[in-house]
Amino acid sequence: MKKLTLLIMALLVVVTLAACKKETVNIGIILPTKDEPRWVQDEKRFKDALKDTDYSVEILFSQGSTVTELSNVDTLISKGIDVLIITPQDGSAAAAAVEKAKAEGITVIAYDRLITDTDAVDYYVTFDSVAVGEAQAQYLVDQATGTGNPLYLYAGAATDNNAFLFFEGAWNVLQPKIADGTFEIKNSSEAIGLQTKAVLTRSEMSDILGQITTNWDFNTAKNLAETHLTNATTADKGDVFILAPNDGTARAIADAFADDTEITSYLVTGQDAEVASVQYIIDGKQSMTVFKDVRTLVNDAIDMAVSVLDDDTVVTTGSYNNGEIDVPAKQTEVVVVEQSNVVAALITSGYYEESLFENLD
Ligand code: BGC
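For the sequence shown, my numbering begins at 5 and goes up steadily by one.
Laid out in structure tokens, this is it:
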């Protein structure tokens, strides 16, 4: 009898331990919002990449709210995570959230967007965001002939460090072409006031962003573009050039410009290679996108996390200063996609199924 009781107790311990183990999450991932295809894509790629891992993972979304982001961090801390991979909703507000995680001994990896003004970020995986802005601007420059071409500038959310890097890259390429008269800025008095300056300070960029930010929001972008078109004279229209920071805002801005009868033609940039924008490119409604292969970023983030969990050396290739420390970083290159290379860059590479698109030939 005694033996049987002991056996039952031992079994109970095993079952309880197994149950506890199930509750524990090794890697916590927090993404900013499900409302943008970009981040749903990241979720999908994380799930694909993690299918065969032995480590347990949980992915949460902040839905555009820093409050939800903080409670997501709390939830993951309570589940015992060792590594947190996080794309901040607001790069500076997220400092408090990751400091909480750090205080629990959790390794923090900033994913795509840097977390600023804190020493609680261990690593950063990112695309070359300055190169994204440069590629967008270079596309516009390559299509422009003559002088006085109307230029409309748009930017991302000022709470996102990337919005500054994208704009910095674009300015690097556009500014000389504004200075030599190829382009004339039509929608930002702050940018016009600074157009002779080759390199802008962060606060100068903030002044410009204050006038042209889309806040990464489709409706904000559309309303802003409509306001700019209402304020523009007929001479400010015609054949125009538009720097749009990403695909969601590019489609919104493109729709607004397409609706204006005084716009003869428009060229508009983008980024992310979202399915809807690739279709816009095929249909000639968006000019280009900057493809950021999320599979690479996901793999880099997971490799880092697994190295941390296995006590191996984490591989980085450089660093980014976040206002407080130099964060060791791994950076990935980007690819320009326009009508002529949609198939090669996105279908042949296995990124998207051909069946997602119409009129692709
Ligand atoms: C990302 C972009 C994305 C944007 C809006 C940026 O930080 O790098 O890929 O389009 O946020 O979500």
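C-beta: ideal position from N, C-alpha, C; glycine also. These numbers come from a predicted model, not from an experiment.
Cβ-Cβ separation between serine 311 and valine 318: approximately 5 angstroms, consistent with a contact (criterion under 8 angstroms). Checking the 7 angstroms criterion, the Cβ of glutamine 275 is within range of a heavy atom belonging to ligand 1. Spatial neighbours of alanine 162 in its own chain (CB-CB distance under 6 angstroms, excluding positions within 5 residues in sequence) are listed in chain order as Leu213 and Thr217. A straight line joining the alpha-carbon of glutamate 138 with that of asparagine 176 spans about 7 angstroms.
In the assembly as shown, asparagine 250 is a buried residue. Its beta-carbon has 16 or more other beta-carbons within 10 Å.
The same chain holds no residue with a CB closer than 6 angstroms to that of glutamate 357 once the five nearest residues on each side in sequence are set aside. Using a Cβ distance threshold of 8 angstroms, proline 41 and threonine 91 do not count as a contacting pair. Proximity of the beta carbon of proline 92 to ligand 1 is not indicated: no heavy atom of the ligand is located closer than 7 angstroms. When distances are taken from the beta-carbon of aspartate 164 to the heavy atoms of ligand 1, the shortest one is below 7 angstroms.
With a 10 Å radius around the Cβ and a threshold of 16 neighbouring Cβ atoms, serine 66 comes out buried.
If you check the C-beta of lysine 48 against ligand 1, you find no heavy atom less than 7 angstroms away. In the structure shown, isoleucine 196 falls within a helical segment according to DSSP collapsed to helix, strand and coil.
With 16 or more neighbouring CB atoms inside 10 Å of its own CB, glutamine 290 falls in the buried class. For glutamine 215, the closest alpha carbon among the candidates Glu62, Tyr158, Ala141 and Glu266 is that of Tyr158.
Distance from the C-beta of glutamate 40 to the nearest heavy atom of ligand 1 is below 7 angstroms. With distances taken between CA atoms, glutamate 230 lies nearest to Thr265 out of Asp211, Arg206, Leu204 and Thr265. Set against 7 angstroms, the gap from the CB of aspartate 132 to the closest heavy atom of ligand 1 is not smaller. Ligand 1 has a heavy atom closer than 7 angstroms to the beta-carbon of aspartate 116. Under the rule that a run must span 4 or more residues, the alpha helix (DSSP H) segments found entirely inside the stretch 222-292 read 222-235, 251-262 and 279-286.
Ranked by Cα distance from glutamate 47, the options Thr57, Ile34, Asp58 and Tyr59 are led by Ile34. Phenylalanine 295 sits close to alanine 277, with the two beta carbons spaced by under 8 angstroms. Excluding its 5 nearest sequence neighbours in each direction, asparagine 363 has C-beta neighbours in its own chain below 8 angstroms: Ile286 and Asp287, listed in chain order.
DSSP links glycine 322 through a beta bridge to Ala333. Leucine 233 places its beta carbon 8 angstroms or farther from that of glutamine 147.
Of all C-beta pairs linking the stretch 107-119 to the stretch 78-97, three or more are shorter than 8 angstroms, placing the two stretches in contact. By the CB criterion at 8 angstroms, methionine 292 and threonine 273 fall inside the cutoff. In terms of Cβ geometry, leucine 178 and alanine 141 form a close pair [threshold 8 angstroms].
Boundaries for glutamate 358: no beta strand (DSSP E) harbours it, and the DSSP string shows neither H nor E there. Contact between valine 338 and valine 136 holds, since their C-beta atoms are separated by about 5 angstroms, short of 8 angstroms.
Going by DSSP, threonine 111 is part of the beta strand (DSSP E) stretching over 111-115.
For ligand 1, a non-hydrogen atom lies closer than 7 angstroms to the CB of asparagine 250. Between the alpha carbons of aspartate 259 and valine 29 lies a distance of about 44 angstroms. Taking 4 residues as the minimum length, the alpha helix (DSSP H) runs contained wholly in the stretch 147-195 are 165-183, in order along the chain. In this structure, ligand 1 has no non-hydrogen atom nearer than 7 angstroms to the beta-carbon of proline 154. In chain order, Gly137, Gln140, Ala141 and Leu247 place their CB closer than 6 angstroms to the CB of alanine 174, counting only its own chain and leaving out the 5 sequence neighbours on each side. The alpha carbon of threonine 321 has as its nearest neighbour, out of Gly327, Val77, Thr336 and Gly197, the alpha carbon of Thr336.
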